[in-house]
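This report refers to the structure that appears directly beneath it.
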């Protein structure tokens, strides 16, 4: 009988994944035996503690891992790039827990909600460490299925059910394309490991390698909401509960873009001239489509969805640069972008609960005067998305443009500047609605406004602090980003 040696498992490297996955099991099982009224408190506490613990473990691993290496038979990587992304995912999860606590969903589903949130974060933590096509696809489906269900967690909302169905269909289509592309690459190179694919492309049939690479890029573009593969984004962002939308906007972007960077640089260096140009085209389409479509939106969630598509273009721009400066720019940009996204959707969640209706520019009128802190925070987030200081995206765009100029693509930086100028209109429109637009007469809900939510306000404050802190402490953060991308095989001198 043939035997094989089981690979050694580095449990320490897997600890962020295991803590969140274990927390999901605890929340799901224990909630079954708790009174319905206690499930929300229990789920939120356990989820919050798990996110803090997993984030702390990722930070500890980042400090300890001055050299990267493959683990579990080289299926995943233990390196600072994965750990940087895991810290961002866990921070996004923690803020989502704070925003979710008073979400008007039934308490009997609280256990499932927090279990799914933890499982999604666990899948993302695994996904960002993927080192071959099999673990990449496993991690992708792991967190995607959780997000499909979270979108429809409030089953009494028809818009949520519709959004979940669209997300499932389009997301499955994107996953199928990625899987088909992976099959092409494996058939051409006989390898699934990223480094082995790079070595195998020299003697492989180039047609199959290029076709597989194109399909993989399309599959990852679906997950990062890049145009023209963005068709699910506006409907899903609008239909999902606001805390779930914020988590998707922040954490999914982090996971998808970090993996895109790792995969392209590690597995396809020989095809760099192709994938950099392909990404540059996607960048231009995303910037044009996202900004122009956002101008005509009146629903704030849909406006932020098209904003997300636009920022997918900015975030793909440094990957298209194909150099180490681009890698640093991407990781730096992700920090303030994730904070601004979570904070903006938290403010939307507040207004939704007050009105019991979708948030539009018209019913946002007067919000800045009614809730001074939240209004000022939303203004900060909108200015931050544009790229104005003191939010870190100001420097993020500077480094992104520097990366593409360093490659010799000054024209792409000009496209980004034009897109930024267009975005001023609709971001400023949100601020105008909060402070300058006359309020419409409305019937006050019975019982008055919902109670003030201290946890949500804390999440908004934390988002603002991170957005500003990424600007004030840009130097140390860029040093961390430099350490993280040092593990990628960028061309010498890039």
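In this note's numbering, the protein residues as written are 20 to 513.
Where a beta carbon is used, it is the ideal one built from N, C-alpha and C, also for glycine.
Host alpha helix (DSSP H) of residue i (start-end)
i	result
residue 88	Careful: residue 88 lies outside any alpha helix (DSSP H), inside the beta strand (DSSP E) at 88–90.
residue 430	429–454
residue 28	Premise fails: residue 28 is in no alpha helix (DSSP H) and is neither H nor E.
residue 498	493–504
residue 389	386–389
residue 346	343–374
residue 235	225–242
residue 264	261–266
residue 120	Counting along the chain, residue 120 falls outside any alpha helix (DSSP H), and DSSP gives it neither H nor E.
residue 254	252–258
residue 425	412–426
residue 246	Looking at the DSSP string, residue 246 is not in any alpha helix (DSSP H), and its letter there is neither H nor E.
residue 60	55–83
residue 42	34–50
residue 18	There is no way to answer for residue 18, as the model of the chain reaches only from 20 to 513.
Residue i - partner residues in DSSP beta bridges
i	result
residue 95	90, 149
residue 212	151
residue 379	318
Whole-Å CB distance - residue i paired with residue j, under 8 Å assumed
i	j	result
residue 505	residue 411	Not confirmed; about 21 Å, so no contact.
residue 360	residue 331	Going by Cβ atoms, the distance from residue 360 to residue 331 rounds to 12 Å, so no, they are not a contact pair.
residue 327	residue 366	Not really, about 16 Å apart at Cβ, beyond 8 Å.
residue 108	residue 274	6 Å
residue 324	residue 257	7 Å
residue 246	residue 294	Rounded, the Cβ-Cβ distance is 17 Å, inconsistent with contact.
residue 364	residue 264	5 Å
residue 483	residue 362	6 Å
residue 127	residue 58	7 Å
residue 154	residue 95	6 Å
residue 446	residue 401	4 Å
Given residue i as reference, the closest of the options once Cα atoms are compared
i	options	result
residue 197	408, 220, 242, 180	242
residue 236	277, 219, 408, 143	277
residue 220	181, 92, 287	287
residue 83	322, 93, 97	97
residue 269	34, 456, 315, 140	140
residue 134	167, 201, 39, 161	39
residue 118	137, 63, 419	63
residue 188	249, 203, 215, 310	249
residue 41	130, 137, 29	137
residue 228	205, 427, 239	205
residue 252	182, 293, 473, 69	182
residue 497	472, 509, 343, 473	343
residue 26	68, 55, 32, 91	91
residue 391	259, 352, 471, 67	471
residue 379	338, 226, 451, 413	451
residue 238	65, 156, 289	156
residue 353	262, 368, 415	415
residue 166	153, 180, 175, 154	180
residue 185	168, 262, 201, 388	168
residue 507	48, 89, 153	89
residue 518	143, 99, 142, 333	No information on residue 518 is available, as it lies outside the stretch 20 to 513 that the chain covers here.
residue 69	78, 37, 59, 51	37
residue 29	80, 402, 67	80
residue 262	351, 349, 232, 369	369
residue 376	457, 45, 260, 255	260
residue 351	283, 487, 163	487
residue 393	340, 417, 473, 355	473
residue 112	142, 371, 93	142
residue 230	255, 222, 203	203
residue 173	163, 132, 355	132
residue 52	114, 129, 122, 71	129
residue 417	456, 399, 490	490
residue 76	93, 99, 54	99
residue 47	66, 34, 31	66
residue 373	60, 122, 290	122
residue 240	398, 420, 49, 159	159
- Query: Any contact of the stretch 141–157 with the stretch 104–112, i.e. 3+ C-beta pairs under 8 Å?
  - Reply: yes
- Message: Across the stretch 188–195 and the stretch 295–314, are there enough close Cβ pairs to call them in contact, namely three or more that are closer than 8 Å?
- Response: no
- Query: At a cut of 8 Å, does the stretch 202–212 reach the stretch 265–281 through at least three beta carbon pairs?
  - Reply: no
- Query: Below 8 Å, can you find three or more Cβ-Cβ pairs linking the stretch 310–322 to the stretch 379–394?
  - Reply: yes
- Message: Under 8 Å, with one C-beta from each stretch per pair, do the stretch 75–89 and the stretch 434–441 reach the 3-pair mark?
- Response: no
- Item | Meets three-Cβ-pair contact criterion under 8 Å: the stretch 416–425 and the stretch 473–488 | no
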